[in-house]
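Colleague:
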Amino acid sequence: MERQTETPLIVLLIDSKPERAKIVEDGLRGAAVVRQAPALHGAELLAVVERLQPDAIIIDCDSPDRDTIENLQLVARKNPKPIVMFVENGDGALAREAVRAGVSAYIVDGLSERRVLPVLEIAIERFRMFDALWKDLERSKRDLEARKVIERAKGLLMQKRGLSENDAYAAMRTMAMNQGKTIKDVADNILAVASLFDD
Amino acid sequence: MKPEISNLTIGFVPLTDAAPLVVAQEKGFFEKYGLHVCLSRENSWSQIRDKLAAGAIDAAHMLAPMAPASWLANAYAAEKFVTAVAFNLNGNAVTVSEKLYQEMVAADPDAMFERPTSARALKAVIAERLRKGRETVTVGAVFPFSSHNYALRYWLGAEGVNPDRDVRMVVAPPPFMVDQLDRGKVDMFCVGEPWNTLAEHRGLGRAIVRSADIWRHMPEKALGVRQRWAEDNPDTHIALVSSLLEALIWLDERANRMEAAYLLASERYVGLPAALLAPALVGKGALRTRRSIVEAEDFLIFHHYAANYPWRSHALWFLSQMARWGQIEAPANFLAIADGAYRPDIYRIAAARLGVAAPLCDAKTEGAPDRAWVLTEATAPIAMSASAFIDGGVFDPAAVGPYIEGFIRHNLRIDPSQVYAGA
Numbered sequence: 001m002e003r004q005t006e007t008p009l010i011v012l013l014i015d016s017k018p019e020r021a022k023i024v025e026d027g028l029r030g031a032a033v034v035r036q037a038p039a040l041h042g043a044e045l046l047a048v049v050e051r052l053q054p055d056a057i058i059i060d061c062d063s064p065d066r067d068t069i070e071n072l073q074l075v076a077r078k079n080p081k082p083i084v085m086f087v088e089n090g091d092g093a094l095a096r097e098a099v100r101a102g103v104s105a106y107i108v109d110g111l112s113e114r115r116v117l118p119v120l121e122i123a124i125e126r127f128r129m130f131d132a133l134w135k136d137l138e139r140s141k142r143d144l145e146a147r148k149v150i151e152r153a154k155g156l157l158m159q160k161r162g163l164s165e166n167d168a169y170a171a172m173r174t175m176a177m178n179q180g181k182t183i184k185d186v187a188d189n190i191l192a193v194a195s196l197f198d199d
Numbered sequence: 001m002k003p004e005i006s007n008l009t010i011g012f013v014p015l016t017d018a019a020p021l022v023v024a025q026e027k028g029f030f031e032k033y034g035l036h037v038c039l040s041r042e043n044s045w046s047q048i049r050d051k052l053a054a055g056a057i058d059a060a061h062m063l064a065p066m067a068p069a070s071w072l073a074n075a076y077a078a079e080k081f082v083t084a085v086a087f088n089l090n091g092n093a094v095t096v097s098e099k100l101y102q103e104m105v106a107a108d109p110d111a112m113f114e115r116p117t118s119a120r121a122l123k124a125v126i127a128e129r130l131r132k133g134r135e136t137v138t139v140g141a142v143f144p145f146s147s148h149n150y151a152l153r154y155w156l157g158a159e160g161v162n163p164d165r166d167v168r169m170v171v172a173p174p175p176f177m178v179d180q181l182d183r184g185k186v187d188m189f190c191v192g193e194p195w196n197t198l199a200e201h202r203g204l205g206r207a208i209v210r211s212a213d214i215w216r217h218m219p220e221k222a223l224g225v226r227q228r229w230a231e232d233n234p235d236t237h238i239a240l241v242s243s244l245l246e247a248l249i250w251l252d253e254r255a256n257r258m259e260a261a262y263l264l265a266s267e268r269y270v271g272l273p274a275a276l277l278a279p280a281l282v283g284k285g286a287l288r289t290r291r292s293i294v295e296a297e298d299f300l301i302f303h304h305y306a307a308n309y310p311w312r313s314h315a316l317w318f319l320s321q322m323a324r325w326g327q328i329e330a331p332a333n334f335l336a337i338a339d340g341a342y343r344p345d346i347y348r349i350a351a352a353r354l355g356v357a358a359p360l361c362d363a364k365t366e367g368a369p370d371r372a373w374v375l376t377e378a379t380a381p382i383a384m385s386a387s388a389f390i391d392g393g394v395f396d397p398a399a400v401g402p403y404i405e406g407f408i409r410h411n412l413r414i415d416p417s418q419v420y421a422g423a
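Chains as they are written, first to last, in UniProt numbering: chain X, 1 to 199; chain P, 1 to 423.
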């Protein structure tokens, strides 16, 4: 049964990563009213669903609470009946995308696809965006870490072997090429060996 | 026979009965059949279903009813799943909080000392609570389409308790269940091991009845794959079934069970101490009173009694319970679903290659006989045991409709005479 009045969609967002929840919430602003469930499980989570009566529930794929949400339609007939979005979608492409991005969605029985799809698409995009941001952050952390290690190893070579900065770096690069390793690995080795003798 | 694809990702949920996958991986049975497997730990059955449907995993540790359920219009699976090998019979238990246990003993002491323990005392507690205007009992189950759900409902229904009205049923994932019991959010639950053992170990509750008491041979987990995947990769599928069958035979040896407990204990798998995993594996299970009429070795069956055979009568029984409890909303052809979702033909090919005896019939009467027997309609005779239901019911797979109608408690949403009709 399609709703006649265009009241805003109420979306319940269940995600254990607060940073991501924020990104999803920002993305859905204007498209839906977003409510978040803090870390609740089982009966407590059901109570929140009962109170909020959301039109859609968007949840982290990895959340164990998904099984709790799944049971709503079978035990509590007065509650909204969530349907995994995937059924509505013939070729399953959206489902695959959602699973890959790590998002699952449940919608109230009978809510029109026209209204829910954009919300879900935004959610998928936002989950992905978070994933990309996270990976970028991890990569820059790693880069920074590598640079620190290389600097320390270089300093050590300069000090112990009396090499210039350029020569010390060139020596590490040669070692890396000969051993088929990254300069970071070589630097790690130099520091590890040095620590043996320092003690 | 070379498998079409050799690199596989298989999903599992951290439970004792993920053991066949863990053993096949750690003891090299997958490699023996040319399979390189990556085991992927998943947090929920919904996750297993969706990842499998979307192709993010090739195969999965699955609740046995999930395969036939995936063929129903309202089961929310985007793909149809099939199973050609079952992992185990039994292995679950119903645990009640210490407080509820005392209430039950006070309400009907005789009922509590009967073996197997019925829901009669619980019914008295519920009636008492409702009379006094208090909340009814909150019951935790793990997934709508699970043997746990049907076992629990069967046990309640056998005493005339309506699980959709007289108690409050909630679903929580197995690893949260003990915590929910501790915090008083559920009064009782039905869950697989090691979670009943953990509840007893922490002194929070008592396992009062095992799934094996409710149905002596309740099918539990199975290997699930997409129907289309099975069609595209028949030799890979047979290799997978064969390697798991070897793991299951290995697990059936009680001498190997402690080793299995240590393998499962790893952080990569269940991540609990082997001491908590061992009781269910060595056959004791979680039953504090230790007075069950079910012999200890029947607590968890990995191979004997033709435990790995995908009996179509099991699929039909699950469908009968789905219909009974209103999970089937439109007429469906139960026989077509059972034939499609359960594939004894594939099992027989794998069993023949291994030289393991396999049944030659696809279905059997469930719940009878009530004594040990020998299955002769097989490639070699197979010793079978009694398979009684707690209420003495008998399930004839050729008469599903009358069986469903015969229950005193049901919440049917389809006409039981229509179970062989429909799309």
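For each residue, glycine too, the CB sits at the ideal point set by N, CA and C.
When you compare only the Cα positions, how much space is there between X/ALA146 and X/LYS184?
Modeller: Locating residue 146 of chain X in the first sequence gives position 146, counting from the first residue. Locating residue 184 of chain X in the first sequence gives position 184, counting from the first residue. So the two alpha carbons sit approximately 6 Å from each other.
Colleague: Please tell me whether X/ALA32 has its Cβ less than 9 Å away from any Cβ of chain B.
Modeller: Among the protein chains of the structure shown, namely X and P, there is no chain B.
Colleague: Taking Cβ-Cβ distances shorter than 8 Å, what residues in chain P pair up with X/ASP67?
Modeller: Start at 1 with the first residue of the first sequence, and residue 67 of chain X comes out as number 67. Residues of chain P passing the Cβ test: SER44, TRP45, SER46, VAL142, PHE143, VAL171, ALA172, PRO173.
Colleague: Please identify the residue among P/SER146, P/VAL125, P/TRP250 whose C-alpha is closest to the C-alpha of P/THR136.
Modeller: Taking the second sequence and counting its residues from 1, one reaches residue 136 of chain P at position 136. Taking only the C-alpha atoms, the option nearest P/THR136 is P/VAL125.
Colleague: Run through the segment 34-67 of chain P for me and flag every whole alpha helix (DSSP H) of 4 or more residues, listed as ranges in chain order.
Modeller: Listed in chain order, the alpha helix (DSSP H) runs fully inside the segment 34-67 of chain P are 45-54, counting runs of at least 4 residues.
Colleague: Less than 7 Å between C-beta atoms, sequence neighbours within five positions excluded: which residues of the same chain meet that for P/TRP155?
Modeller: The count along the second sequence starts at 1 and reaches residue 155 of chain P at position 155. Hits under 7 Å: VAL94, ALA119, VAL209, ILE214, ILE390.
Colleague: Between X/ALA123 and chain P, is any beta-carbon pair separated by less than 9 Å?
Modeller: Start at 1 with the first residue of the first sequence, and residue 123 of chain X comes out as number 123. Taking Cβ atoms only, chain P never reaches closer than 9 Å to X/ALA123, which makes this a no.
Colleague: Measuring CB to CB, does P/PHE81 end up less than 9 Å from P/ALA341?
Modeller: For the purposes of this step, residue 81 of chain P is taken as residue 81 along the second sequence, with counting starting at 1. For the purposes of this step, residue 341 of chain P is taken as residue 341 along the second sequence, with counting starting at 1. With a cutoff of 9 Å on beta-carbon distance, P/PHE81 and P/ALA341 are scored as near each other.
Colleague: Please report how far the alpha carbon of X/GLY42 lies from the alpha carbon of P/ARG183, in whole angstroms.
Modeller: Translated into positions along the first sequence, residue 42 of chain X becomes position 42. Translated into positions along the second sequence, residue 183 of chain P becomes position 183. The straight-line gap from Cα to Cα measures roughly 11 Å.
Colleague: Answer yes if the segment 318-329 of chain P comes into contact with the segment 398-417 of chain P, meaning at least three C-beta pairs across the two stretches below 8 Å, and no otherwise.
Modeller: With a cut-off of 8 Å, the segment 318-329 of chain P and the segment 398-417 of chain P count as touching, because enough Cβ pairs lie within range.
Colleague: If you follow the alpha helix (DSSP H) that P/PHE334 is in, where does it begin and where does it stop?
Modeller: For this step, residue 334 of chain P is matched to residue 334 along the second sequence. Where P/PHE334 is concerned, the enclosing alpha helix (DSSP H) stretches over 334-341.
Colleague: Quick check: the Cα distance between X/ASN166 and X/GLY155, rounded to an integer number of angstroms?
Modeller: One-based indexing of the first sequence puts residue 166 of chain X at position 166. One-based indexing of the first sequence puts residue 155 of chain X at position 155. Roughly 11 Å separates the two Cα atoms.
Colleague: Please list the residues of the segment 31-53 of chain X that have a C-beta atom closer than 8 Å to any C-beta atom in chain P, keeping them in chain order.
Modeller: HIS41, GLY42, ALA43, GLU44, LEU46
Colleague: Considering only C-alpha positions, which residue in the set P/ILE349, P/ASN308, P/PRO416 is nearest to P/ASP17?
Modeller: Against the second sequence, residue 17 of chain P aligns to sequence position 17. When each option's Cα is compared against that of P/ASP17, the closest is P/ASN308.
Colleague: Among all the DSSP beta bridges, which residues are the ones paired with P/PHE389?
Modeller: Reading the second sequence from its first residue, position 389 is the one you call residue 389 of chain P. For P/PHE389, which the question treats as bridged, DSSP gives the partners P/TRP215.
Colleague: Quick check: the Cα distance between X/PRO80 and P/SER242, rounded to an integer number of angstroms?
Modeller: Counting from one through the first sequence, the residue named residue 80 of chain X turns up at place 80. Counting from one through the second sequence, the residue named residue 242 of chain P turns up at place 242. The predicted position of X/PRO80 is uncertain, since its pLDDT is 43 and thus under 50; a value taken from the coordinates is nonetheless stated next. Their Cα atoms are separated by approximately 44 Å.
Colleague: Chain P partners of X/ALA95, CB-CB under 9 Å?
Modeller: Here residue 95 of chain X refers to the residue found at position 95 when the first sequence is read from its first residue. Under the 9 Å cutoff, chain P gives ASP50, ALA53, ALA54, ALA78.
Colleague: Using a cut-off of 8 Å between C-beta atoms, extract the partners of X/ARG100 located in chain P.
Modeller: In the first sequence, residue 100 of chain X corresponds to position 100, counting from 1. Within chain P, the residues near X/ARG100 are ALA54, ALA56.
Colleague: By the criterion of Cβ-Cβ separation under 7 Å, what are the contact partners of P/LYS185 in chain X?
Modeller: The residue labelled residue 185 of chain P in the question sits at position 185 within the second sequence. Correct list: GLY42, ALA43, GLU44.
Colleague: If you count every other CB in all the chains shown that lies within 10 Å of the CB of P/SER417, and 16 or more means buried, which is it?
Modeller: The residue you call residue 417 of chain P lines up with position 417 of the second sequence. Exposed is the call here.
Colleague: In chain X, which residues lie less than 7 Å from P/THR138 when you measure between Cβ atoms?
Modeller: For the purposes of this step, residue 138 of chain P is identified with residue 138 of the second sequence, where counting begins at 1. Near P/THR138 (Cβ distances below 7 Å), the residues of chain X are ALA43.
Colleague: Comparing alpha-carbon positions, which option in X/LEU9, X/ALA21, X/ARG115, X/VAL116 lies nearest X/VAL33?
Modeller: Here residue 33 of chain X is taken as the residue at index 33 of the first sequence, counted from 1. Comparing Cα positions, the closest option is X/LEU9.
Colleague: So the beta strand (DSSP E) residue 440 of chain P belongs to, where does it begin and stop?
Modeller: This structure gives no information on residue 440 of chain P, because the portion of chain P shown stretches from 1 to 423.
Colleague: Comparing C-alpha positions only, which one of X/LEU45, X/LEU52, X/GLN179 sits nearest to X/SER63?
Modeller: In the first sequence, the residue the question calls residue 63 of chain X occupies position 63. The shortest Cα separation from X/SER63 among X/LEU45, X/LEU52, X/GLN179 belongs to X/LEU45.
Colleague: Following the continuous alpha helix (DSSP H) through X/THR174, name the residue where it begins and the one where it ends.
Modeller: Counting from one through the first sequence, the residue named residue 174 of chain X turns up at place 174. That run of the alpha helix (DSSP H) goes 165-179.
Colleague: Does the separation of the CB atoms of P/PRO279 and X/THR68 fall below 9 Å?
Modeller: Within the second sequence, the letter at position 279 stands for residue 279 of chain P. Within the first sequence, the letter at position 68 stands for residue 68 of chain X. Taking 9 Å as the Cβ cut-off, P/PRO279 and X/THR68 do not qualify as a contacting pair.
Colleague: Taking the alpha-carbon positions, what's the P/HIS237 to P/PRO3 distance?
Modeller: The residue given as residue 237 of chain P occupies position 237 in the second sequence. The residue given as residue 3 of chain P occupies position 3 in the second sequence. If you take the alpha carbons of P/HIS237 and P/PRO3, they lie about 8 Å apart.
Colleague: What whole-angstrom Cβ distance do P/ASP370 and P/ALA386 have, given they're in contact under 8 Å?
Modeller: Locating residue 370 of chain P in the second sequence gives position 370, counting from the first residue. Locating residue 386 of chain P in the second sequence gives position 386, counting from the first residue. Confirmed, about 5 Å.
Colleague: Just reading off the alpha helix (DSSP H) that P/GLN25 is part of, what are its end residues?
Modeller: The sequence position of residue 25 of chain P within the second sequence is 25, counting from 1. Residues 19-26.
Colleague: Name the chain X residues that come within less than 8 Å of P/GLN180, Cβ to Cβ?
Modeller: Taking the second sequence and counting its residues from 1, one reaches residue 180 of chain P at position 180. In chain order: HIS41, GLY42, ALA43.
Colleague: Could you list the residues in the segment 80-113 of chain P with a C-beta less than 8 Å from some C-beta on chain X, going in chain order?
Modeller: none
Colleague: Beta-carbon of P/ASP176 versus every beta-carbon of chain X: anything under 9 Å?
Modeller: Residue numbering aside, residue 176 of chain P sits at position 176 when the second sequence is read from its first letter. Here residue 176 of chain P turns out to be Phe, not Asp, going by the sequence shown. P/PHE176 has a beta carbon lying within less than 9 Å of a beta carbon in chain X.
Colleague: Would you kindly check if the distance between the Cβ of X/LEU40 and the Cβ of X/ASP65 is under 9 Å?
Modeller: By one-based count along the first sequence, residue 65 of chain X stands at place 65. By one-based count along the first sequence, residue 40 of chain X stands at place 40. Cβ distance < 9 Å, so X/ASP65 and X/LEU40 count as in contact.
Colleague: Relative to the alpha-carbon of P/PHE302, which residue among P/ASP108, P/TRP311, P/PRO219 has its alpha-carbon at the smallest distance?
Modeller: Along the second sequence, read from residue 1 onward, the residue named residue 302 of chain P stands at position 302. Per the Cα distances, P/PRO219.
Colleague: What do you reckon, are the CB atoms on P/ASN149 and P/CYS190 nearer than 9 Å?
Modeller: By 1-based counting over the second sequence, the position of residue 149 of chain P is 149. By 1-based counting over the second sequence, the position of residue 190 of chain P is 190. The answer is yes: Cβ separation under 9 Å.
Colleague: Any idea which residues DSSP pairs P/ASP420 with across the strands?
Modeller: Stepping through the second sequence from its first residue, residue 420 of chain P is reached at position 420. Looking at the sequence shown, residue 420 of chain P is not Asp but Tyr. According to DSSP, which records beta bridges pairwise, P/TYR420 is partnered with nothing at all.
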